[in-house]
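Trainee:
Number of protein chains: 2
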Amino acid sequence: MALPCEIGDYTDFYTSIHHATTIGKQFRPDNPLLPNYQWVPIGYHGRSSSIQVSTPGLGHEFARPYGQTKAPDAPQPSLAPSRRLDYELELGVFIGRPNAPGEPIAMSDAEDHVFGIALFNDWSARDIQAWEYQPLGPFLSKNFASTLSPWVVTLDALEPFREPFRRPDGDPQPLPYLDSAANRERGAIAIELEVWLQTARMREQGSAGYRLMRSNYRDAYWTVAQMVAHHTVNGCNLRAGDLFGSGTLSGPDPSEAGSLVELSAGGKRPITLANGETRTFLEDGDTVILRGYCERTGYRRIGLGECRGTVTTAARGR
Amino acid sequence: MALPCEIGDYTDFYTSIHHATTIGKQFRPDNPLLPNYQWVPIGYHGRSSSIQVSTPGLGHEFARPYGQTKAPDAPQPSLAPSRRLDYELELGVFIGRPNAPGEPIAMSDAEDHVFGIALFNDWSARDIQAWEYQPLGPFLSKNFASTLSPWVVTLDALEPFREPFRRPDGDPQPLPYLDSAANRERGAIAIELEVWLQTARMREQGSAGYRLMRSNYRDAYWTVAQMVAHHTVNGCNLRAGDLFGSGTLSGPDPSEAGSLVELSAGGKRPITLANGETRTFLEDGDTVILRGYCERTGYRRIGLGECRGTVTTAARGR
């Protein structure tokens with residue numbers, strides 16, 4: 283099975299303020315949210331070559347990545363398989379219509395450039411990231427693999443599930459180039475999201491897995507249209523097939539966190555699964571399943587299918 | 283004229299320790315070089331869609347980008363054309379032979395995966411970068427345009443200009459996965475590099491421009507082979523046509539700085555050009571020309587041609 287389209291460039295956003303705040307607290311307890319967050323739809327470029335499709339019934343298997351890590355008290359770093367491997371619950375947004383270099387896409391046209399939405403797991407090696415990411419951002423901690431669900435749901439199909447986009451009281455309103463009446467009225471999309479974990483032992487026991495969390499895309503701090511308008515305001519050209527990741531979609535409640543580093547408080551609070559196993563980060567043989575769907579009385583339920591990926595044992599010594 | 287090949291993914295490295303130190307001093311006077319720099323060939327993903335070729339005789343024109351910036355004393359950010367637009371003197375390294383997902387490329391094979399080298403200007407909007415880049419790295423400050431020279435010089439052609447790769451006394455040696463006898467013996471490449479600035483007034487005066495600086499690629503802290511081995515050690519797959527940027531190639535002397543933000547000390551020390559004009563950052567109508575060549579007695583001179591780009595006036599209000 284192939285990817286739904288050829289992805290030219292992949293951009294990862296960071297649109298959940300709840301994720302940004304929880305992660306920020308782990309690094310900067312006194313100052314969890316950086317001052318740009320409420321103004322800039324933060325994004326950065328990712329790797330398109332290593333995005334693979336979740337084939338129905340099989341998913342996507344990849345080996346635990348190696349990388350440099352350095353313990354705070356170690357005299358120097360070393361190369362080893364990641365010990366803090368995590369998933370990230372995201373949605374993937376596909377660009378359908380390109381723009382020419384130098385020609386920004388206004389908020390009023392932004393959704394006309396979007397084809398549709400899929401489930402997306404942007405796996406992360408938290409220990410590799412901590413050592414490498416200053417000053418230019420994550421690199422090897424992210425580019426070993428990303429997994430995309432095989433079906434793309436068009437924005438048209440999501441029409442019944444649109445909702446107003448609102449900022450919490452007291453938060454700044456978006457700058458004019460990130461604002462429009464349509465975005466305020468219907469910029470958000472209500473998509474129920476779930477992450478399931480199936481360990482190797484659960485597979486042996488015949489269990490389909492344990493649900494780790496639920497959240498809803500309506501809680502994102504920036505909308506699809508805002509991602510498109512921001513990405514192009516400097517003249518950057520998008521091409522058909524380009525992919526945006528929403529960033530990890532954590533909701534307002536701590537139980538709605540879209541990654542293990544949040545759910546386990548940075549590895550300090552192991553999560554107990556239904557069969558008594560515990561996890562802080564992913565172990566070899568773990569399968570992570572993302573699911574998404576939209577439901578509203580009087581409308582047909584829409585499923586986004588599933589996005590399934592399995593971590594296998596790291597290859598032998600590098 | 284088209285790009286030399288279809289670029290799947292573009293990765294920008296940061297291989298000049300002189301550039302990293304000078305930039306670091308502007309942000310952190312007491313701690314200019316971050317602790318990971320001497321261990322990790324720092325890199326991050328860039329945008330491939332906005333890389334354009336420098337057509338001989340014409341170059342590449344692009345409009346000054348808009349973006350969010352925020353002055354330290356301003357109550358909130360605003361959207362405006364960048365006022366600190368800069369070039370970056372880089373080399374572009376083209377991948378010729380791919381690797382499969384999950385299969386790292388060892389140092390001993392790394393150069394077999396490289397096709398050749400071109401000149402590369404990875405333009406930067408320093409004011410946009412300062413506001414947006416925490417915590418995930420540069421984004422709109424870089425992805426509005428990059429300019430590539432039209433000719434690729436193969437590694438075979440550069441054979442006579444190979445030199446030993448050496449670390450300064452007291453610096454740590456690379457970890458084993460970034461080390462090889464061949465890399466120590468001939469990992470570096472002696473390529474003379476120059477940046478020229480031709481202002482609009484110089485063009486009117488019939489002047490070909492003013493040489494802002496010279497440096498040499500031999501002074502990079504990480505080699506081509508090390509970039510390839512590091513990029514793939516986690517299993518990340520490269521594809522034919524992928525592009526690596528070397529990062530800004532500043533030399534050890536302050537006069538060898540590969541960007542205006544370095545040459546003008548962050549805009550504090552204007553540079554006086556031959557015709558009396560001054561610059562801190564680029565002005566509308568400025569053309570930046572990168573040149574590169576290799577010379578060694580007894581061998582044929584090899585030129586990398588030129589990489590020429592011109593900044594035009596920002597489009598009207600966004």
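As given, the protein sequences belong to chains A and B, one line each in that order. The numbering of the first sequence is our numbering, which starts it at 283 and goes up by one. The numbering of the second sequence is our numbering, which starts it at 283 and goes up by one. A virtual CB, placed ideally from N, CA and C, is assigned to each residue, including glycine. Treat the numbers as computed from the prediction; the structure is a model and nothing was measured.
(1) Going by DSSP, name the residue or residues bridged to A:Arg-493.
(2) Quick check on A:Glu-538: buried or exposed, where buried means 16 or more other Cβ atoms within 10 Å of its Cβ?
(3) Quick one: what does DSSP say B:Ser-428 is sitting in, helix, strand or coil?
(4) Looking at A:Gly-585 and A:Tyr-575, is the spacing between their C-beta atoms short of 8 Å?
(5) Would you mind working out which of B:Pro-338, B:Arg-346, B:Pro-380 sits nearest B:Gly-290, comparing C-alpha positions?
(6) For A:Leu-361, which residues does DSSP report across the bridge?
(7) When you compare the CB positions of B:Lys-424 and B:Gly-328, do they come within less than 8 Å of one another, or not?
(8) Looking at C-beta atoms only, is the number of pairs between the segment 410-418 of chain A and the segment 304-321 of chain B that lie closer than 8 Å three or more?
(9) Thinking just about the alpha-carbon of each residue, which of B:Ser-489, B:Thr-530, B:Ala-284 is nearest to the one in B:Asn-498?
(10) What do you get for A:Leu-340, buried or exposed, if any count of 16 or more other CB atoms within 10 angstroms of its CB means buried?
(11) Should B:Asn-465 be labelled buried (16 or more other beta-carbon atoms within 10 Å of its own) or exposed?
(12) In whole angstroms, what separates the C-alpha of B:Val-506 from that of A:Glu-577?
(13) Could you tell me whether any Cβ in chain A is nearer than 8 Å to the Cβ of B:Phe-426?
(14) Could you give the distance in angstroms between the alpha-carbon of B:Phe-563 and the alpha-carbon of B:Ala-490?
(15) Kindly indicate which residue of B:Gly-469, B:Asp-368, B:Gly-374 has the alpha-carbon position closest to the one of B:Glu-393.
(16) Flag this pair as touching only if the segment 500-519 of chain A and the segment 385-404 of chain A have three or more C-beta atom pairs under 8 Å; answer yes or no.
(17) In terms of DSSP beta bridges, what is B:Phe-295 paired with?
(18) Rounded to the nearest angstrom, how far is the Cβ of A:Phe-344 from that of A:Pro-323, given a contact under 8 Å?
(19) Measuring CB to CB, does B:Gly-549 end up less than 8 Å from B:Arg-366?
(20) Quick check on the burial criterion: 16 or more other C-beta atoms within 10 angstroms. Buried or exposed for A:Phe-309?
(21) Under 8 Å, Cβ to Cβ, is there at least one residue of chain B near A:Gln-350?
(22) Does any residue of chain B have a CB that is nearer than 8 Å to the CB of A:Cys-576?
(23) Relative to the alpha-carbon of B:Glu-467, which residue among B:Pro-458, B:Pro-446, B:Asp-453, B:Tyr-459 has its alpha-carbon at the smallest distance?
(24) Along the chain, which unbroken stretches of the alpha helix (DSSP H) at least 4 residues long are found entirely within the segment 381-454 of chain B?
(25) For B:Glu-544, which three-state DSSP category applies?
(26) 8 Å is my cut-off, CB to CB: does B:Gly-325 come that close to chain A?
(27) Buried or exposed, going by whether 16 or more other CB atoms sit within 10 Å of the CB of B:Ala-407?
(28) Short of 9 Å Cβ to Cβ, which residues in the segment 409-442 of chain A face chain B?
(29) Return no unless some Cβ of chain B is closer than 8 Å to the Cβ of A:Asn-403.
(30) Does the beta-carbon distance from A:Leu-460 to A:His-512 come in below 8 Å?
(31) Please return the same chain residues whose Cβ sits closer than 7 Å to the Cβ of A:Thr-304, not counting the five positions on each side in sequence.
(32) Determine, using beta carbons only, whether B:Asp-355 comes closer than 8 Å to chain A.
Mentor: Taking the definition as stated:
(1) Locating residue 493 of chain A in the first sequence gives position 211, counting from the first residue. A:Trp-478, per the DSSP bridge assignment.
(2) What you label residue 538 of chain A is simply residue 256 of the first sequence in a count that begins at 1. So A:Glu-538 ends up on the buried side.
(3) One-based indexing of the second sequence puts residue 428 of chain B at position 146. When secondary structure is reduced to three states using DSSP, B:Ser-428 falls in the strand class.
(4) Here residue 575 of chain A corresponds to residue number 293 of the first sequence, with the count starting at 1. Here residue 585 of chain A corresponds to residue number 303 of the first sequence, with the count starting at 1. Yes, Cβ-Cβ distance for A:Tyr-575 and A:Gly-585 is below 8 Å.
(5) Residue 290 of chain B sits at position 8 when you count from the first residue of the second sequence. Closest option to B:Gly-290, Cα to Cα, is B:Pro-380.
(6) The residue given as residue 361 of chain A occupies position 79 in the first sequence. Per DSSP, the beta-bridge partners of A:Leu-361 are A:Gln-350.
(7) Residue numbering aside, residue 424 of chain B sits at position 142 when the second sequence is read from its first letter. Residue numbering aside, residue 328 of chain B sits at position 46 when the second sequence is read from its first letter. It is a contact, given that the beta carbons lie within the stated cut-off.
(8) yes
(9) Numbered from 1 along the second sequence, position 216 holds the residue referred to as residue 498 of chain B. Taking only the C-alpha atoms, the option nearest B:Asn-498 is B:Thr-530.
(10) Position 58 of the first sequence holds residue 340 of chain A. Exposed, since its Cβ has fewer than 16 Cβ neighbours within 10 Å.
(11) In the second sequence, residue 465 of chain B corresponds to position 183, counting from 1. Buried.
(12) Here residue 506 of chain B refers to the residue found at position 224 of the second sequence. Here residue 577 of chain A refers to the residue found at position 295 of the first sequence. Approximately 52 Å, taken between the alpha carbons.
(13) Against the second sequence, residue 426 of chain B aligns to sequence position 144. Interface residue, yes.
(14) Residue 563 of chain B sits at position 281 when you count from the first residue of the second sequence. Residue 490 of chain B sits at position 208 when you count from the first residue of the second sequence. Between the alpha carbons of B:Phe-563 and B:Ala-490 lies a distance of about 19 Å.
(15) Residue mapping note: residue 393 of chain B aligns to position 111 of the second sequence, counting from 1. Of all alpha-carbon atoms in B:Gly-469, B:Asp-368, B:Gly-374, the one lying nearest the alpha-carbon of B:Glu-393 is that of B:Gly-469.
(16) yes
(17) One-based indexing of the second sequence puts residue 295 of chain B at position 13. B:Gly-325, per the DSSP bridge assignment.
(18) Translated into the one-based positions of the first sequence, residue 344 of chain A becomes position 62. Translated into the one-based positions of the first sequence, residue 323 of chain A becomes position 41. Between A:Pro-323 and A:Phe-344 the Cβ distance is about 29 Å, and since that is not below 8 Å, they are no contact.
(19) To locate residue 549 of chain B, count along the second sequence from 1; it is residue 267. To locate residue 366 of chain B, count along the second sequence from 1; it is residue 84. Yes.
(20) Counted from its first residue, the first sequence places residue 309 of chain A at position 27. Result: exposed.
(21) Locating residue 350 of chain A in the first sequence gives position 68, counting from the first residue. Yes, A:Gln-350 counts as interfacial toward chain B.
(22) Within the first sequence, residue 576 of chain A is the residue found at index 294, counting from 1. Interface criterion not met: the Cβ of A:Cys-576 is under 8 Å from no Cβ in chain B.
(23) Translated into the one-based positions of the second sequence, residue 467 of chain B becomes position 185. Nearest of B:Pro-458, B:Pro-446, B:Asp-453, B:Tyr-459 to B:Glu-467, Cα basis: B:Pro-446.
(24) Fully enclosed alpha helix (DSSP H) runs of 4 or longer: 389-392, 408-414.
(25) In the second sequence, counting from the first residue as 1, residue 544 of chain B sits at position 262. In this structure, B:Glu-544 counts as helix in the three-state DSSP scheme.
(26) In the second sequence, residue 325 of chain B corresponds to position 43, counting from 1. By this cut-off, B:Gly-325 is an interface position.
(27) To locate residue 407 of chain B, count along the second sequence from 1; it is residue 125. It counts as buried.
(28) Taking 9 Å as the Cβ-Cβ cut-off against chain B, the residues of the segment 409-442 of chain A that qualify are Ile-410, Trp-413, Glu-414, Tyr-415, Gln-416, Pro-417, Leu-418, Gly-419, Pro-420, Phe-421, Leu-422, Ser-423, Lys-424, Asn-425, Phe-426, Ala-427.
(29) Taking the first sequence and counting its residues from 1, one reaches residue 403 of chain A at position 121. No, A:Asn-403 lies away from the interface with chain B (no Cβ there is under 8 Å from its Cβ).
(30) Numbered from 1 along the first sequence, position 178 holds the residue referred to as residue 460 of chain A. Numbered from 1 along the first sequence, position 230 holds the residue referred to as residue 512 of chain A. Yes. Within cutoff.
(31) Numbered from 1 along the first sequence, position 22 holds the residue referred to as residue 304 of chain A. Same-chain partners within the cutoff: Ser-532, Ala-539, Glu-544.
(32) By one-based count along the second sequence, residue 355 of chain B stands at place 73. By this cut-off, B:Asp-355 is not an interface position.
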